[in-house]
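Novice:
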Amino acid sequence: MDAADVAVSPEAGSLVAADARALGMTLSLDELDARGEAIGRALTAPALVTLTGDLGAGKTTMAQAICRGLGVTEPVTSPTFALIHEYAALAVRVVHCDLYRLDSARAVASLGLDDMFSDSSAIVLVEWPERAGAMLPIASLALTLEHIAAQPDARRCTEVWGC
Ligand SMILES: Nc1ncnc2c1ncn2[C@@H]1O[C@H](COP(=O)(O)OP(=O)(O)OP(=O)(O)O)[C@@H](O)[C@H]1O
Ligand SMILES: [Mg+2]
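Structural data, given as structure tokens:
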């Protein structure tokens, strides 16, 4: 893993805290799986994890790894059509959302995200958080995944942890 602290200052109005800490790394698929599992083991409820990146960037793959780290034992599949899937893990409720197909703020409101964010036992993973605009609270962890042109099987992963 090529990990290095990067000086990323979250922009004003972004989904992350102003005093957040950022970490950037280039990950193979196996490394991304391992990193996601470690993140899952480190998370405590309540938490919001946003997963940002283009189509195929690895958001669902990362969410699956985080779920494994949280102790989810059932198969975690992409909620592209259902929008929300829920899983039970030891003492936490894991909610995995994919907002790609949402096209309005009203549609976001109808998902009942507020209930999830007020549940102190919930860990909420959100793909395509930008679709929700300002309706999401500040993330505990904002993850960004990017393709790397010269390395089709690697991804640039940036983690911004709220403080
Ligand atoms: N280093 C890597 N990290 C993550 N995924 C990788 C990596 N290398 C190859 N892949 C592959 O890229 C694909 C990523 O698909 P995934 O569904 O996770 O993307 P996504 O960001 O959720 O896409 P979508 O926006 O369509 O939901 C998978 O087939 C995965 O095996
Ligand atoms: Mg996905």
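Residue numbers (the numbering used here): 33 to 195.
The beta carbon of each residue, even a glycine, is placed where N, CA and C say it ideally should be.
Quick caveat, the model's predicted, so the values are computed rather than measured.
(1) Tell me glutamate 191's beta-bridge partners as DSSP assigns them.
(2) So is the beta-carbon of arginine 187 under 7 Å away from any non-hydrogen atom of ligand 1?
(3) Pull up the DSSP beta-bridge partners for valine 127, would you.
(4) Take proline 169 as the anchor and find which of His179, Glu178, Gly101 and Ser150 has the nearest alpha-carbon.
(5) Please indicate yes or no: does the CB of glutamate 118 lie closer than 7 Å to some heavy atom of ligand 2?
(6) Leaving aside the five residues before and after histidine 128 along the sequence, list all residues of the same chain whose C-beta is less than 6 Å from its C-beta, in chain order.
(7) Compare the beta carbon distance of leucine 173 and glycine 144 with 8 Å and say whether it is the shorter of the two.
(8) Return the first residue and the last residue of the beta strand (DSSP E) that leucine 80 is part of.
Specialist: The short version:
(1) Leu55 and Leu175
(2) yes
(3) Glu118 and Val156
(4) Ser150
(5) no
(6) Ala95, Pro111, His117 and Leu157
(7) no
(8) Where leucine 80 is concerned, the enclosing beta strand (DSSP E) stretches over 79–84.
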